[in-house]
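Working notes for the structure below.
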Amino acid sequence: LPIQKIHARQIFDSICNPTVEVDVTTEKRSLRSCAPSVASTGIYDALDMRDGDIKNWHGNSVLNAVAIVNVIIAPDFIKKGICPTYQTEFVEIMLALDG
Numbered sequence: 337l338p339i340q341k342i343h344a345r346q347i348f349d350s351i352c353n354p355t356v357e358v359d360v361t362t363e364k365r366s367l368r369s370c371a372p373s374v375a376s377t378g379i380y381d382a383l384d385m386r387d388g389d390i391k392n393w394h395g396n397s398v399l400n401a402v403a404i405v406n407v408i409i410a411p412d413f414i415k416k417g418i419c420p421t422y423q424t425e426f427v428e429i430m431l432a433l434d435g
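Following this line, the structure appears as structure tokens:
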């Protein structure tokens with residue numbers, strides 16, 4: 337079943353670091369996942385994108401990343417009618433959007 341809605345939000349992990357959580361909704365189910373907040377990344381890992389505004393969680397908030405998901409990524413996935421289980425297509429779309 338194709339994705340009907342994607343909604344991201346900022347949450348806090350087990351040590352109170354801001355991270356991104358996303359709800360994905362289809363006609364029959366709703367899925368939720370969050371991105372881990374890690375101290376280091378390897379060459380094949382996603383970059384850790386922080387806002388850098390010292391007034392907001394000492395520069396560690398992820399509100400810009402949340403906005404990118406809600407404004408850019410979500411509409412593209414919904415428009416293309418991708419099913420949540422199509423991992424290859426997910427990766428291809430993300431790579432195309434990321435440049």
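In the working numbering, each number is its position in the sequence shown, counted from 1, plus 336.
Every residue gets a Cβ at the ideal spot worked out from N, C-alpha and C, and that includes glycine.
message = For D412, which residues in the same chain have their Cβ closer than 8 Å to its Cβ, ignoring the five residues on either side in sequence?
response = Hits under 8 Å: I429, L433.
Three-state secondary structure assigned by DSSP to L433 = helix
inquiry  = Could you check whether A344 and D359 sit closer than 9 Å to each other, using their CB atoms as the reference points?
reply    = yes
key: Residue of I342, H394, G395, W393 minimising C-alpha distance to S366   = I342
request  = Assuming M385 contacts V398 (C-beta within less than 8 Å), just tell me the rounded distance between them.
outcome  = Indeed they touch by this definition, with Cβ atoms about 7 Å apart.
key: L399, DSSP secondary structure in three states   = helix
key: Same chain only: Cβ atoms within 8 Å of D349, ignoring 5 sequence neighbours per side   = T355, C370, P372, S373
inquiry  = Could you tell me which whole beta strand (DSSP E) segments of length 3 or greater appear in the region 355-395?
reply    = 366-370
ask   = Does any heavy atom of the ligand SAH sit closer than 8 Å to the C-beta of I404?
value = Inclusion of the ligand SAH in the displayed structure is not the case, the ligand content being empty and no account of it being possible.
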